[in-house]
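Report on the following structure.
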Amino acid sequence: MRKGIALVLTLILLLALTGCTGKQEPAGDNDSIVVGFSQLGAESSWRIANTASMEQAAKEYGYGLMMENANQKQEKQIDAIRSFIAYRVDVIVFSPIVEAEWDNVLTEAKQGGIPVILMDRMIETQDDSLYTAYIGADFYAEGRKAGEYLIRKADALGAEHMRVAEICGTTDSTPMRDRQRGFMDVIGKDERFTVIDSVDGDFLRSKGEECMRDLLNKYGVDGIDVIYSHNDSMTLGVLDVLEGTNDPAARDIILITVDGEKEAVEALKAGRINCVVQCTPHLGPAVMELVKELKAGKELKQKINHPEEGVFSDFDDLTDPVVEGF
Ligand code: AHR
Numbered sequence: 443m444r445k446g447i448a449l450v451l452t453l454i455l456l457l458a459l460t461g462c463t464g465k466q467e468p469a470g471d472n473d474s475i476v477v478g479f480s481q482l483g484a485e486s487s488w489r490i491a492n493t494a495s496m497e498q499a500a501k502e503y504g505y506g507l508m509m510e511n512a513n514q515k516q517e518k519q520i521d522a523i524r525s526f527i528a529y530r531v532d533v534i535v536f537s538p539i540v541e542a543e544w545d546n547v548l549t550e551a552k553q554g555g556i557p558v559i560l561m562d563r564m565i566e567t568q569d570d571s572l573y574t575a576y577i578g579a580d581f582y583a584e585g586r587k588a589g590e591y592l593i594r595k596a597d598a599l600g601a602e603h604m605r606v607a608e609i610c611g612t613t614d615s616t617p618m619r620d621r622q623r624g625f626m627d628v629i630g631k632d633e634r635f636t637v638i639d640s641v642d643g644d645f646l647r648s649k650g651e652e653c654m655r656d657l658l659n660k661y662g663v664d665g666i667d668v669i670y671s672h673n674d675s676m677t678l679g680v681l682d683v684l685e686g687t688n689d690p691a692a693r694d695i696i697l698i699t700v701d702g703e704k705e706a707v708e709a710l711k712a713g714r715i716n717c718v719v720q721c722t723p724h725l726g727p728a729v730m731e732l733v734k735e736l737k738a739g740k741e742l743k744q745k746i747n748h749p750e751e752g753v754f755s756d757f758d759d760l761t762d763p764v765v766e767g768f
C-alpha cells in the first residue's frame, strides 16, 4: 500500500518535472527524459552504493529517475517494469535478481516500444532483441581472479591439500553463476583443492553469518582451510562468526571475497581477510551515457563490461590506499 502511494507521488513529481500528462519526446534537452529504474534490493553495501550512483548520475545528466526497489523479489521487479511501461518512460533500466523468467514482461516493453538496458546482471533468454544493452562487471573474470589468488597462496604456503567452502550469492543470479564457474575453471583440475561444500548466502551479511555457523557445526574449524565468499557482505558475516569463536585456528582460515566495500578493505589491511577481488558498483554514469546515446539515435553495443577491476591481497603492499572502498 505504502509502495503504491510512493509510486503515485513519484509519478506526480515527475509529471510536475516534465510538465506533461503523458510521455514527451525529448525536445533537444534532457528535461523530458524519464528513466524507469528497477533496483533489485538493498542486500549489500555494493547495492546501496550502486543505487546512489544511479541517482547521482541521473541528476547530473538531468534525467528524471523513477526508481522502485524490489526488496529481492522478482515479482516486484516485474510489477515495477509494468508500471514503467504504463507510464511510458523513455528507457527502462533494471538489475535482474535472477536470470530466468523475464521474457513475458520484456516482450511487453518491446511491444510498447520502450528500450531496456540491463544493468549489473544478465538475463537468460533465447531472444536477444528483448534488451538493447547490458552493462556490468565481468563476474566470470572475477571468479577466475579469486581462483588464481588461491593457487598463488597454496604455492606460497607449500600446501598439499586445501578444503574449500564456498558461500554463494543469490542462487541463479549472474554473479553467483559466473563467480562460481570462473573459480572452478581455475582450481577445479588442481588436485590440491577439494570443494567440501557450496552454500547459498544470498549476498546478505546475516546469511553469511548463518552459513558460517552451519559450516563450523558440520566441519569444525579444523575441517576448513579456505572460504570463498561471493561478496563482502557475506564475508563480514563470516568474520563475525570466526572471530567470535575465540579459537586461534579460526584465524588461519583463508578468506577470499569479492566487491571492495570499505569495511572489507579495512579488514584486508588488518590481515583479517586475505584477498578482495574488486567489483565496482559505480555504474550510474556509464548507464546514463548509454541512455543519452540511445536517445540520440545511436546504436549501442549489446554487451559492455565495466572495466575498473583489480585484485588486492596479502601479497600486496597494503600500506597505501590501494583501493578506496565504498
Ligand atoms: O550483482 C553484483 C553483486 O550483487 C555484488 O557483488 C553483491 O554485493 C551484490 O549484492
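Numbering (my numbering), first residue to last: 443 to 768. From the three backbone atoms N, C-alpha and C, an ideal C-beta is built for every residue, glycine too.
Residue i Cβ short of 6 angstroms to ligand 1 heavy atom set
i: Arg489; result: yes
i: Asn673; result: yes
i: Phe645; result: yes
i: Asp562; result: yes
i: Ser486; result: yes
i: Pro617; result: yes
i: Cys721; result: yes
i: Asp614; result: no
i: Asp701; result: yes
For residue i, the first and last residue of its enclosing beta strand (DSSP E)
i: Lys501; result: Run containing Lys501: none in the beta strand (DSSP E); it sits in the alpha helix (DSSP H), 487-503.
i: Glu608; result: 604-610
i: Leu710; result: First-last for Leu710: 704-711, but that is the alpha helix (DSSP H), not the beta strand (DSSP E).
i: Lys745; result: 745-747
i: Ser640; result: 635-642
i: Ile520; result: Taken as a continuous stretch (DSSP letters only), Ile520 belongs to no beta strand (DSSP E), being part of the alpha helix (DSSP H) at 516-529.
Contact under 7 angstroms by Cβ, residue i with residue j
i: Ile534; j: Ile556; result: yes
i: Val719; j: Val700; result: yes
i: Asp639; j: Ala607; result: yes
i: Ile666; j: Arg605; result: yes
i: Gly506; j: Ile527; result: no
i: Leu482; j: Ala522; result: no
i: Cys717; j: Tyr591; result: yes
Integer Cβ distance of residue i from residue j, believed to fall under 8 angstroms
i: Ile593; j: Ala575; result: Not confirmed; about 35 angstroms, so no contact.
i: Phe645; j: Asn688; result: The Cβ separation is near 28 angstroms, so there is no contact.
i: Tyr670; j: Phe635; result: Their Cβ separation, rounded to whole angstroms, is 10 angstroms, which puts Tyr670 and Phe635 out of contact at 8 angstroms.
Range covered by the alpha helix (DSSP H) that runs through residue i
i: Arg693; result: Here Arg693 belongs to no alpha helix (DSSP H), and DSSP marks it neither H nor E.
i: Cys653; result: 647-661
i: Val558; result: No alpha helix (DSSP H) holds Val558; the beta strand (DSSP E) holding it covers 558-561.
i: Gly624; result: 616-629
Beta bridge counterpart(s) of residue i as assigned by DSSP
i: Glu766; result: BP columns for Glu766 are empty, so no partner.
i: Glu510; result: Ser480
i: Glu698; result: Note that residue 698 corresponds to Ile in the displayed sequence, not to Glu. In DSSP, Ile698 forms a bridge with Tyr670, Cys717.
i: Phe754; result: Val718
i: Val535; result: Phe479, Ile559
i: Ala575; result: Ile559
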